[in-house]
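Heads up, the sequence shown is in the numbering used here, so the first residue is 3 and it goes up one at a time.
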Amino acid sequence: MQTMTTGMEQAAEFHQGFSPLLMQANHILSLSQTELEATILDALDENPALELEDCQVCPVCGRRTTGETCQSCRPGTADTTVASRADDLPPRSDAEYRPASSADPDFDPMTFIASAMDVRDQILEAP
3 MQTMTTGMEQ AAEFHQGFSP LLMQANHILS LSQTELEATI LDALDENPAL ELEDCQVCPV
63 CGRRTTGETC QSCRPGTADT TVASRADDLP PRSDAEYRPA SSADPDFDPM TFIASAMDVR
123 DQILEAP
C-alpha cells in the first residue's frame, strides 16, 4: 500500500548585510568637517564632471545664506528667542530641588521617581 502526504511550508528569514553603498555612506557620515571637505576636494580633482557651486556663507556659522548673516546668527534675534522661551517656562517648585536630608531618617529618594510626571503628560501639558 502506498501513502501520499502533501503539505506546505513557509519560512521567513531576515539577513542583514552591508552593501558597498551603505559602507561608503557610513564612512562619509563618520568624517569630521575638515576630513569631509578634503574628501570633497579629492573627489572634485578625480572627477572632471563634478563642479563645486560657489555660494555665499554666513561669516558666523558657515551656513548658506543670501545676505551677509543668516537668520539664526543675526544680532538680537537669537537672544530674544532664548529669553522668550525662558519666560514661557512654568516656575519650578522648591520641592523639586529639595536635597536628601540626613535629618529625615524616613526619606526615600525612590518616592521622587515614583511620583515623577510621565513624559507623555509633560508633552501634553506644554503650551
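C-beta: ideal position from N, C-alpha, C; glycine also.
- Note: Val121 is not bridge-paired with any residue in the DSSP secondary-structure output.
- According to DSSP, residue pairing for Val59 in a beta bridge involves Arg66.
- In this structure, Cys57 sits near Arg66, with a CB-CB distance shorter than 7 Å.
- Closest in alpha carbon position to Cys60, among Ala51, Leu54, Glu70, Leu52, is Glu70.
- Asp44 and Phe20 have their C-alpha atoms roughly 25 Å apart.
- In the structure shown, Gln26 adopts helical secondary structure according to DSSP, grouped into three states.
- Cβ-Cβ distances below 7 Å link Leu52 to Ala45, Leu46 in the same chain, with the five nearest sequence neighbours on each side left out; the list follows chain order.
- Leu43: member of the alpha helix (DSSP H) spanning 35-48, first to last residue.
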